[in-house]
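One structure below.
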Amino acid sequence: MKLARAIAVLGTAALLLTGCGAGSGGETVDQAPSGLPVQGETIKYDPNTLVNDGKPIELEWWLWDGQEKFQAFADSYKKLHPNVTIKTVNQPWESYWTKLPLQLQSGKGPTLFNIHNSYDATLDPYLEPYDIETSDLEADYTGAAAHVVDGKVKYLDYGLMTGLIWYNKAMWADAGLTDSDTPKTWEQFREVAKKLTKREGDTFNQAGFNFNGTYQSLGFLQYQRGYNLFAQDAVTPTLDNPGTVQTMQYFLDLYNVDKVGSKDFGPKAIESFGQGQSAMVYEWGHLNGTLKKNYPSLDYGTFQTPVPDAAEAPYAFDRYNGESTPGINKGASEAEKAVAQDFMKFFLTDKTDMKNLVLNYSLAPAYKPLDSDADIAANPVVKAMGSLDRYIWPGPMPATFETSITKAWQDVLYNGVVPETAISSAQKTIASDLAKTKFKSAEPAYAHYAPSPR
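In short: position in the sequence shown from 1, add 91, done, that's our numbering.
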């Protein structure tokens, strides 16, 4: 039975409350809970302890999305420890990465904060390592070993996602397409996109495929052609390679030759898809939550990204990335850090709230006890991903990759720059930015790793 829900059965008789704590809204607790079940597999969380000596304490937890799902963890924890209040604060993504580093640099900031691993170098100096054995983390969480630095883990993945093709089911059926028409190769994809396109001369009524504004994701499909992002030293970036050029040219041809879409039709692919203007888009699993929130009536499906040759397994279908667990502020008070450490053990073993979180973002769960969960396995996005065996994780990619790749695409589409020149420029920017960091790619850890070109 889920620990936090067990309270309803076991009651709170063991909690002797003596009133409200000043300024925190929490309750003063005189005695630790007793008789409550310990939760977890390898990592264990025992709630039968007195947190912060029973004194009221409030922690702030910053995030940029999913407030309801993350607050559920805080609420479940508070049922166990009424003297602890964890308040989630949602910050817009655009300002999050300005406000948070400034707060941390000043020695202030929230005790807990969500992490995107593209900002690993920015946040690392301010992170307190988890007070959990790394071997236990590795036993319970897929990919945890890749987050071990100097024998410590400061955050890890709670769920994994990658890119997929999303299609409008009504448009699919209207074009006479069935499940048997799901393309396995990029050439088949081209033909399907043509069938889904509706155009009157040069005027689009419906794009068969739209990739506007999603350029940063397309920049990693060169893996399918056997090209890594880094040289064998795992330090030197190699974005400027024939695979990247071929990939960019393929998508440009979809617009310029096949005319299944246009840079001027639906400036944001996700919105165009949601509004019923585009039949297919390429996007990561988080789109599921966006569509449910903003376009709840849209009936859509997903399928695995096509490959160059259906008869041959690709070097990798795509890269994958993890959604990260919260970080603990190294500059917080000792009392706050102690409570945060206790909360993270709870967070990492809270199976019910973790299940709801990964379902919200349509993630493959990193928490191994959820591997066989029927509801997660039935999720159409997770199901479309298939096995992660042929997906590669290049490491906590610095933001310069996505920003530089995006600029390259914008230069080609809107400024008349040829692909080779745009990619070469992106390569130089990335190399310059990485020279200021200690980043080392995790590509060599890929089970099917081979140096480029294959």
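Using N, Cα and C, we set each Cβ at its ideal position, and we do this for glycine too.
Rounded to the nearest whole angstrom, the C-alpha separation of V336 and V503 is 12 Å. With a threshold of 16 other beta carbon atoms within 10 Å, Y482 meets it and is buried. In the assembly as shown, T327 is an exposed residue. Its beta-carbon has fewer than 16 other beta-carbons within 10 Å. Nearest C-alpha to G145 among A266, D121, Y168 and V240: D121. The three-state reading of DSSP puts E151 in strand, counting E and B together. Spanning the alpha carbons of N379 and N447 requires a straight line of approximately 14 Å.
Under the three-state reduction of DSSP output, I419 falls in the strand class. Residue pairing by DSSP places F437 in no beta bridge whatsoever. Listed in chain order, the non-local C-beta contacts of Y537 below 8 Å within the same chain comprise A407, I483 and W484, local neighbours out to five positions each way being set aside. DSSP places V283 inside the alpha helix (DSSP H), whose first and last residues are W277 to K286. Taking all protein chains shown into account, L287 has 16 or more neighbouring C-beta atoms within 10 Å of its C-beta and is therefore buried.
In the DSSP secondary-structure assignment, A426 is not bridged to any residue. In this structure, L268 and V283 form a Cβ contact; the two beta carbons are roughly 7 Å apart against a cut-off of 8 Å.
Here F161 is not near L150, since their CB atoms are 8 Å or more apart. In the three-state reduction of the DSSP assignment, K178 falls in the strand class. Only buried fits H207, as 16 or more other CB atoms lie within 10 angstroms of its CB. For I467, the enclosing alpha helix (DSSP H) starts and ends at A465 to A469. In this chain, the alpha helix (DSSP H) harbouring W184 covers W184 to Q196.
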